[in-house]
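Protein chains: 2
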Amino acid sequence: MKFCPECAAPVMLKIPEGDTRERHVCTSCGTIHYHNPKMVVGSIPVWETNGEIKVLLCRRAIEPRYGYWTLPAGFMENNETTSDAARRETEEEAGAHIALHELFSILNVPHVHQVHLFYRATLLDLDFQAGTESLEVQLFSEQEIPWDEIAFPTISHTLKFFFADIVAIRHGGQFNLHAHDIMHPMRHG
Amino acid sequence: MKFCPECAAPVMLKIPEGDTRERHVCTSCGTIHYHNPKMVVGSIPVWETNGEIKVLLCRRAIEPRYGYWTLPAGFMENNETTSDAARRETEEEAGAHIALHELFSILNVPHVHQVHLFYRATLLDLDFQAGTESLEVQLFSEQEIPWDEIAFPTISHTLKFFFADIVAIRHGGQFNLHAHDIMHPMRHG
Numbered sequence: 001m002k003f004c005p006e007c008a009a010p011v012m013l014k015i016p017e018g019d020t021r022e023r024h025v026c027t028s029c030g031t032i033h034y035h036n037p038k039m040v041v042g043s044i045p046v047w048e049t050n051g052e053i054k055v056l057l058c059r060r061a062i063e064p065r066y067g068y069w070t071l072p073a074g075f076m077e078n079n080e081t082t083s084d085a086a087r088r089e090t091e092e093e094a095g096a097h098i099a100l101h102e103l104f105s106i107l108n109v110p111h112v113h114q115v116h117l118f119y120r121a122t123l124l125d126l127d128f129q130a131g132t133e134s135l136e137v138q139l140f141s142e143q144e145i146p147w148d149e150i151a152f153p154t155i156s157h158t159l160k161f162f163f164a165d166i167v168a169i170r171h172g173g174q175f176n177l178h179a180h181d182i183m184h185p186m187r188h189g
Numbered sequence: 001m002k003f004c005p006e007c008a009a010p011v012m013l014k015i016p017e018g019d020t021r022e023r024h025v026c027t028s029c030g031t032i033h034y035h036n037p038k039m040v041v042g043s044i045p046v047w048e049t050n051g052e053i054k055v056l057l058c059r060r061a062i063e064p065r066y067g068y069w070t071l072p073a074g075f076m077e078n079n080e081t082t083s084d085a086a087r088r089e090t091e092e093e094a095g096a097h098i099a100l101h102e103l104f105s106i107l108n109v110p111h112v113h114q115v116h117l118f119y120r121a122t123l124l125d126l127d128f129q130a131g132t133e134s135l136e137v138q139l140f141s142e143q144e145i146p147w148d149e150i151a152f153p154t155i156s157h158t159l160k161f162f163f164a165d166i167v168a169i170r171h172g173g174q175f176n177l178h179a180h181d182i183m184h185p186m187r188h189g
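Which chain is which? The protein sequence lines are H and P, in order. Going by full-length UniProt numbering, the first residue of the first sequence is number 1, and it counts up by one from there. Going by full-length UniProt numbering, the first residue of the second sequence is number 1, and it counts up by one from there.
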């Protein structure tokens with residue numbers, strides 16, 4: 001941010017009176033412009049057949065991480081709820097019809113100012129197809145997941161938490177909310 | 001937003017190619033400026049003595065809702081995690097020393113573009129005091145809570161979920177994650 005979105009005058013970095021952090025403050029009208037983390041919200045769309053559980057992944061048609069696999073997810077928009085966002089992104093990126101369940105994972109990625117949320121979901125049919133931001137969409141069992149080609153650490157963690165809970169459920173457990181913080185920038189290969 | 005924060009030229013509202021929503025787009029450099037929901041994060045600081053459970057509330061010294069009671073909470077900052085934000089706000093607003101536990105509630109407030117998160121917490125001592133944004137801080141049992149003077153619906157809901165779980169726990173239950181959407185603007189009296 002270089003200029004004030006309200007009056008077009010230059011902004012400067014300073015700590016406003018009563019604050020403890022540097023903010024972008026307008027040198028003319030004095031407006032303080034705050035910057036806050038954004039939420040990325042998605043789903044874990046599940047299809048179960050003959051006792052085998054598969055999840056729907058999308059191969060990214062956009063940067064960053066073009067060509068890598070992800071759960072359907074994206075930036076939450078104003079005027080929607082987190083559930084709305086999870087449903088919308090699943091529809092947009094995977095053309096998938098789902099029943100949305102509970103919040104399953106919350107992952108902080110503080111170095112990119114993001115919080116990622118994933119909801120469990122059940123696919124209602126197999127009529128999914130790649131949206132404009134996906135090259136292809138495909139169902140994967142745990143053994144089939146291309147672990148080395150997953151787009152983001154928050155996706156790998158969520159998938160691992162999910163399949164661990166599936167094992168736990170077979171032994172009388174249940175789905176739990178999983179919280180995890182990604183504290184270091186990922187290294188691109 | 002009236003002017004581009006990158007080049008100071010006027011912005012206009014239009015739907016960018018490949019998008020489905022109106023965005024603020026710069027008429028000169030073409031930068032698309034997205035606006036996304038913000039997260040408000042706080043804690044439910046608990047003190048238990050002789051089997052009685054009390055929670056710490058702060059009376060707001062700032063607008064909106066000056067003079068009304070709230071759980072310690074505030075806007076999450078860049079470069080911190082949701083847990084960091086809950087601890088920081090509890091320290092800033094209530095001067096309270098806590099051990100932070102699991103995420104307890106997630107509440108969408110789409111008409112103000114906010115998502116509120118509250119973590120359960122245990123007070124480590126009784127050396128709390130009002131910060132600059134609080135008039136006073138005080139422990140309340142469920143019966144003592146000033147329900148008609150609570151600042152925001154997300155606070156009332158979180159407190160009701162909390163004391164309902166306390167009753168459930170006495171009957172063998174456990175704390176659960178509570179999700180709720182506040183779909184209508186609150187009416188000021």
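Backbone N, C-alpha and C define an ideal beta-carbon position, used for all residues, glycine too.
Restricting to Cα atoms, I'd like to know which of the options is closest to residue i.
i, options, result
"Asn36(H)", "Val46(H), Ile44(H) and His24(H)", "His24(H)"
"Glu91(P)", "Ile106(P), Gly131(P) and Ile32(P)", "Gly131(P)"
"Asn50(P)", "Trp147(P), Ser141(P), Met183(P) and His111(P)", "Ser141(P)"
"Val11(P)", "Asp19(P), His33(P) and Tyr66(P)", "His33(P)"
"residue 194(H)", "Glu17(H), Cys4(H), Thr20(H) and Asp19(H)", "Outside the displayed range of chain H (1 to 189) lies residue 194(H), so it cannot be described from this structure."
"Leu117(H)", "His184(H), Gln174(H) and His180(H)", "His180(H)"
Could you give the DSSP three-state label for residue i: helix, strand or coil?
i, result
"Arg88(H)", "helix"
"Gln129(H)", "coil"
"Gln143(P)", "helix"
"Ile169(H)", "helix"
"Phe152(H)", "coil"
"Glu93(H)", "helix"
"Leu71(H)", "coil"
"Ala9(H)", "coil"
"Gly189(P)", "For Gly189(P), the pLDDT reaches just 45, beneath the cut-off of 50, and the residue's location in the model is therefore unreliable, although a value from the coordinates is still provided. Of the three classes helix, strand and coil, the one that applies to Gly189(P) here is coil, per DSSP."
"Leu124(P)", "coil"
"Pro110(P)", "helix"
"Lys54(P)", "strand"
"Phe163(H)", "helix"
"His116(P)", "strand"
"Ser28(H)", "coil"
"residue 192(H)", "Residue 192(H) falls outside the range modelled here, since chain H spans only 1 to 189, and no answer is possible."
Mind listing the chain P neighbours of residue i? Cutoff is C-beta to C-beta under 9 angstroms, in chain order.
i, result
"Ile106(H)", "Thr82, Leu103, Ile106 and Leu117"
"Ala8(H)", "Lys2, Phe3, Cys4, Ala8, Ala9 and Pro10"
"Pro110(H)", "Asn78, Asn79, Glu80, Thr81 and Asp84"
Given a cut-off of 8 angstroms, decide if residue j and residue i are closer than it, judged by their beta-carbon atoms.
i, j, result
"Ala61(P)", "Leu135(P)", "yes"
"Leu57(P)", "Phe128(P)", "no"
"Glu149(H)", "Trp69(H)", "yes"
"Ile15(P)", "Glu6(P)", "no"
"Leu123(P)", "Ile155(P)", "no"
"Leu177(H)", "Phe104(H)", "yes"
"Thr82(P)", "Val109(P)", "no"
"Pro45(P)", "Ala94(P)", "yes"
"Ile106(P)", "Pro153(P)", "no"
"Thr158(P)", "Leu71(P)", "yes"
"Met39(P)", "Met39(H)", "yes"
"Ala151(H)", "Arg65(H)", "yes"
Counting only Cβ pairs nearer than 7 angstroms, list the residues of chain P close to residue i.
i, result
"Met1(H)", "Pro5"
"Asp181(H)", "Thr81"
"Thr70(H)", "Correct list: empty, because the minimum Cβ distance to chain P is about 18 angstroms."
Residues of chain H with CB closer than 7 angstroms to the CB of residue i, please, in chain order.
i, result
"Lys38(P)", "Asn36"
What residues of chain P sit near residue i, judged by a beta carbon separation below 8 angstroms?
i, result
"His113(H)", "Asn78 and Asn79"
"Gly95(H)", "The premise fails here: Gly95(H) is roughly 15 angstroms from chain P at the closest Cβ pair, so nothing lies under 8 angstroms."
Give me the chain H residues within the contact set of residue i, using Cβ-Cβ distance strictly less than 8 angstroms, ordered along the chain.
i, result
"Arg21(P)", "Glu77"
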